[in-house]
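Protein chains in written order, with my numbering: chain A, 1 to 444; chain B, 445 to 661. Beta carbons are placed, not taken as given, at the ideal position from N, Cα and C, and that holds for glycine. Just so you know, these numbers come straight off a predicted model, no measurement behind them. Here the structure comes first, spelled out in structure tokens, and everything after it is commentary.
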């Protein structure tokens, strides 16, 4: 690969880093009297700089060999010593390893001489690498097939995923007024909430705890863009929390509980302070609220139409169940007779493929690939072929184009009165960051 | 730099978020806009150390809660590990003081930490003019103050609208925290001696309770 190709690829890859999307400060922030020195930037929870490939290169340098050895040994032990660890054990093992290896960074080049910012980049890279490798063992939905043999931690995640889904369906009909969602332009609200839901749903595209966390923050950003536009921002949590709950109820986001637990368990504790901690906590609070939501409690404060709306929705649920019932029976039957899908199939969505391919490439040094909990030859073959034939550069472009087109579509549906070209211009100017683009479009 | 977690409690109509918004926007210290939105804000203040006149920087991380009755059950997720709580009522609404009092009780019962600094704050004094005919005050200053004294709370009447006393709330919470945590702070400072970095962040939040069980290879 020529140097320019490499640079290009790096640039493309960086665009897929969710945090990179936040690198440019909001326009409000630019107005604020910012006096930033390095010290101040360091204490930030948010790190606008993240480059996985850089870490991958550092890891390939000969001096980094001890780090590679420690990491391989850890991964091997994790995979071979036991097939199923309890969630709490996994959390402890991964955290202990990070504490250990981050200390080792200070002993070995090229990490030893990195400045604070680049060291943080390497720490993030290591977390992403390790959790990418352990994802199939650590993310509860990946272990679904083994549910009966799981520990309480993973089992509870799966149960709560189902509970949340049931509750979301039971209360999907609620109106903003039922939840004290501030009365905003009704028609716009549903589109905005769709958007914040889509941002949150992206959590299922990523394996690294940090990337998942960024999806949570991006979703919250969209919610605040709505609030800011309606001059409701200074109402703080009074308007934010109801909208977050509303987003989850309308969004029907897959395996959300498992995702939150996963971030809590595997995001390095020091990286999740301050703002990130607040919004993760709020998401958890919103989930708890929905999981414990009872019809009577909601009806007590709602208007007289509530009972009818509730019953209508119950009917709809029943009809859908009847309609899909036979289908489900077939699928259920199938899944017991044929191979269940590779866990990564469930999780590995386009955006992560690029990083995955990169990990895979430089990570051949971590071969032989550790076995899946229930390995199956054909799955391995499939996996290997797709990674080998992957042209990272082309794939990255393709995915990028798809992403941009889908962002454009979403925004167009939110702002039907605007020219697509105008929206596209705004998107380009804002580098397709949804939160920022919405901010601008609202002000037009 | 010492960081403290401060949680905001109070009914949704009392303007608790506005108080913090005012504090964060108006403060003299440089302030970085929060990156997501106004439910989480942070701001620093300076506290004088009594003996040598030296100043210590305190950073508040301010966690807002939803004040509507239906979201009351979520509050424990916000006030766990807090170092300070601002319990806000509206001086023009008698029942908002009753709600504030129930928050104080809950904090005292559930947090069970003698070090938790609680400040009772009556907002909207700009609507009160003792001599005017349309004086909207419904909660007397002395009534609230004597309750606060009884419960050993800090107490302020403020106006988020005019900014009256807003800065003082945080200043006195900071001083109280500095006082109660002085031993920890001194210990933390000693650890910093010899370090080239003067701005080491020292987290004084209590450790999280979800300690993973120990296990090893």
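Residue i, buried or exposed, once every other Cβ within 10 Å from all chains shown has been counted against 16
i: residue 197/A; result: buried
i: residue 402/A; result: exposed
i: residue 141/A; result: buried
i: residue 132/A; result: buried
i: residue 625/B; result: buried
i: residue 235/A; result: buried
i: residue 121/A; result: buried
i: residue 498/B; result: exposed
i: residue 437/A; result: buried
i: residue 282/A; result: buried
i: residue 305/A; result: exposed
i: residue 410/A; result: buried
i: residue 433/A; result: buried
i: residue 601/B; result: buried
Beta-carbon proximity of residue i to residue j, cut-off 8 Å
i: residue 150/A; j: residue 84/A; result: yes
i: residue 109/A; j: residue 65/A; result: no
i: residue 518/B; j: residue 526/B; result: no
i: residue 245/A; j: residue 278/A; result: no
i: residue 218/A; j: residue 233/A; result: no
i: residue 453/A; j: residue 262/A; result: What is shown of chain A runs 1 to 444, which leaves residue 453/A out entirely.
i: residue 486/B; j: residue 504/B; result: yes
i: residue 243/A; j: residue 174/A; result: no
i: residue 420/B; j: residue 453/B; result: For residue 420/B there is no data in the structure shown, the boundaries of chain B being 445 and 661.
i: residue 191/A; j: residue 413/A; result: yes
i: residue 459/B; j: residue 567/B; result: yes
i: residue 617/B; j: residue 583/B; result: no
Same chain, Cβ closer than 7 Å to residue i, neighbours up to 5 away in sequence not counted
i: residue 118/A; result: none
i: residue 257/A; result: 157, 160, 161, 164, 287
i: residue 249/A; result: 168, 171, 172, 174, 290
i: residue 253/A; result: 197, 200, 201
i: residue 465/B; result: 482
i: residue 102/A; result: 123
i: residue 223/A; result: 196, 240, 243, 244, 247
i: residue 54/A; result: 121
Neighbourhood of residue i by C-beta distance below 6 Å, restricted to the same chain and skipping five residues each side
i: residue 652/B; result: Interpretation of residue 652/B is limited by its pLDDT of 42, a score under 50 that renders its predicted location unreliable; the figure taken from the coordinates is listed afterwards. Around residue 652/B: no qualifying Cβ.
i: residue 215/A; result: 202, 203
i: residue 247/A; result: 193, 196, 197
i: residue 188/A; result: none
i: residue 90/A; result: 138
i: residue 313/A; result: 173
i: residue 522/B; result: 451, 507, 509
i: residue 589/B; result: 599
i: residue 350/A; result: Here the model assigns residue 350/A a pLDDT of 39, short of 50, so the residue's position is not dependable, and the following value carries that caveat. Correct list, in chain order: 399.
i: residue 292/A; result: none
Delimiting residues of the alpha helix (DSSP H) encompassing residue i
i: residue 157/A; result: 152–170
i: residue 454/B; result: It is not in any alpha helix (DSSP H) - residue 454/B instead sits in the beta strand (DSSP E) that spans 446–454.
i: residue 296/A; result: 295–301
i: residue 479/B; result: No alpha helix (DSSP H) holds residue 479/B; DSSP gives it neither H nor E.
i: residue 529/B; result: Per DSSP, residue 529/B belongs to no alpha helix (DSSP H); it is in the beta strand (DSSP E), 528–534.
i: residue 96/A; result: 87–105
i: residue 426/A; result: 420–429
i: residue 525/B; result: Run containing residue 525/B: none; DSSP gives neither H nor E here.
i: residue 120/A; result: 116–138
i: residue 612/B; result: 610–624
i: residue 229/A; result: 209–229
i: residue 463/B; result: 460–470
Beta strand (DSSP E) segment containing residue i, residue limits
i: residue 567/B; result: 561–567
i: residue 499/B; result: 499–508
i: residue 598/B; result: 598–601
Closer than 7 Å: residue i CB and nearest the ligand ATP heavy atom
i: residue 243/A; result: Here there are no bound small molecules, and the ligand ATP is not part of this structure.
Residues near residue i in its chain [Cβ-Cβ closer than 8 Å; skip 5 each side]
i: residue 695/B; result: Examination of residue 695/B is not possible in this model, given that chain B is present from 445 through 661 alone.
i: residue 317/A; result: 169, 170
i: residue 213/A; result: 263, 267, 272, 276, 280
i: residue 345/A; result: Interpretation of residue 345/A is limited by its pLDDT of 39, a score under 50 that renders its predicted location unreliable; the figure taken from the coordinates is listed afterwards. Here the set comprises nothing.
Residue i at chain C interface by Cβ criterion, 8 Å
i: residue 259/A; result: Among the chains of the structure shown, chain C does not appear; the protein chains present are A and B.
Closer than 8 Å, Cβ to any Cβ of chain B: which residues of the region 104–137 of chain A, in chain order? none
Output, in sequence order along the chain, the residues in the region 481–495 of chain B whose CB is closer than 9 Å to any CB in chain A. 481, 482, 483, 484, 485, 486
Interfacial residues, the region 48–71 of chain A to chain B, with Cβ spacing under 9 Å: none
Residues in the region 163–176 of chain A having any Cβ partner in chain B nearer than 9 Å: none
Listed in chain order, which residues of the region 501–513 of chain B have Cβ atoms closer than 7 Å to some Cβ of chain A? 505, 507, 508, 509, 510, 511, 512
What residues from the region 301–329 of chain A come within 8 Å of chain B, judged by C-beta to C-beta, listed N to C? 301
Listed in chain order, which residues of the region 445–462 of chain B have Cβ atoms closer than 7 Å to some Cβ of chain A? 456, 461, 462
If the cut-off is 8 Å on Cβ atoms, which residues from the region 209–232 of chain A count as contacting chain B, listed in chain order? 217, 220, 221, 223, 224, 227, 228
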